[in-house]
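A short worksheet on the structure shown next.
Residue numbers (the numbering used here): 591 to 832.
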């Protein structure tokens with residue numbers, strides 16, 4: 591699939607425009623929350639039965655996707671790292687909390703796993719996290735990953751500070767069972783050039799993981815959280831008179 595910069599920018603603009611509810615005879619209506627902008631890529635000619643062709647990685651985008659806010663992380667740690675996490679104002683879990691969580695009902699632990707986007711864990715506690723939480727974090731792709739696959743395993747307070755800032759720009763890219771990738775590239779309120787930079791980072795990363803680069807791209811779509819999808823083709827843009 592040919593990926594043209596001008597086409598990508600026009601498609602992104604159309605996706606943002608589609609986030610506005612337009613009805614003839616009524617004033618345009620903007621939703622009351624800051625919608626995410628999502629990129630969807632359909633992949634072709636890749637054998638996902640071969641583990642080498644699957645993707646499960648965290649990458650750092652060019653620009654923050656969480657502006658003026660805290661990343662939705664839970665820090666599992668002890669001592670100085672735990673104190674630093676509390677200073678940062680993020681949710682925490684110490685060793686006792688981990689044991690108590692393990693004694694909760696299965697439903698509660700599943701809910702806990704879904705509550706956070708990422709888990710940041712002190713290295714010496716990874717064995718207990720694997721023991722108590724792996725079967726709940728693993729299926730939803732949230733087991734902390736060491737560098738270079740991720741940034742979720744740390745060893746000191748400074749590592750935590752770095753991870754905290756990184757997770758404002760980190761996204762998780764996964765393709766395991768189905769040849770399709772869904773990625774949030776930012777928020778509607780972001781500068782459009784920054785959204786575009788994030789999108790290009792994601793597209794280029796995914797292409798680099800493919801055996802035949804962009805030739806493995808079947809189709810691409812852009813959409814806001816509640817908006818209609820925009821197919822990234824000149825034909826589609828002409829059909830909506832863009």
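Note that the Cβ used here is the ideal one computed from N, Cα and C, for glycine as well. Remember, predicted model here, so these are calculated numbers, not experimental data.
Whole-angstrom distance between residue j and residue i, CA atom to CA atom
i           : j           : result
residue 784 : residue 830 : 25 Å
residue 608 : residue 696 : 40 Å
residue 823 : residue 659 : 34 Å
residue 689 : residue 737 : 27 Å
residue 637 : residue 819 : 27 Å
residue 804 : residue 639 : 21 Å
residue 751 : residue 760 : 14 Å
residue 622 : residue 597 : 29 Å
residue 593 : residue 782 : 18 Å
residue 606 : residue 705 : 27 Å
residue 672 : residue 795 : 34 Å
residue 641 : residue 669 : 38 Å
Neighbour-count burial assignment, residue i, 16 or more Cβ in a 10 Å radius
i           : result
residue 816 : exposed
residue 776 : buried
residue 755 : exposed
residue 661 : buried
residue 778 : buried
residue 610 : exposed
residue 813 : buried
residue 604 : buried
residue 694 : exposed
residue 825 : exposed
Collapsed DSSP secondary structure at residue i in the structure displayed
i           : result
residue 627 : strand
residue 733 : coil
residue 708 : strand
residue 694 : coil
residue 668 : coil
residue 687 : helix
residue 809 : strand
residue 823 : coil
residue 681 : strand
residue 742 : coil
residue 764 : strand
residue 781 : coil
residue 829 : helix
residue 798 : helix
Residue j beta carbon less than 8 Å from that of residue i
i           : j           : result
residue 708 : residue 757 : yes
residue 635 : residue 748 : no
residue 599 : residue 827 : no
residue 722 : residue 686 : no
residue 771 : residue 649 : no
residue 727 : residue 703 : yes
residue 663 : residue 710 : yes
residue 821 : residue 626 : no
residue 786 : residue 602 : yes
residue 712 : residue 667 : yes
Within-8 Å CB hit, residue i to chain D
i           : result
residue 705 : Looking at the structure shown, chain D is missing, and only one protein chain is on hand.
- Cβ contact (3+ pairs, closer than 8 Å) linking the stretch 648–659 and the stretch 784–796: Put simply, the stretch 648–659 touches the stretch 784–796. At least three CB pairs are less than 8 Å apart.
- Cβ contact check for the stretch 732–740 and the stretch 669–689: 3 or more pairs under 8 Å: Touching, no, given that fewer than three Cβ pairs across the two stretches are closer than 8 Å.
- Task: May I ask you to verify whether the stretch 741–761 touches the stretch 683–700, counting CB pairs closer than 8 Å and requiring at least 3?
- Result: No, because fewer than three Cβ pairs between the stretch 741–761 and the stretch 683–700 fall closer than 8 Å, the two stretches do not touch.
- Counting pairs of Cβ atoms below 8 Å between the stretch 643–650 and the stretch 759–778, do you hit three or more? Yes, they touch.
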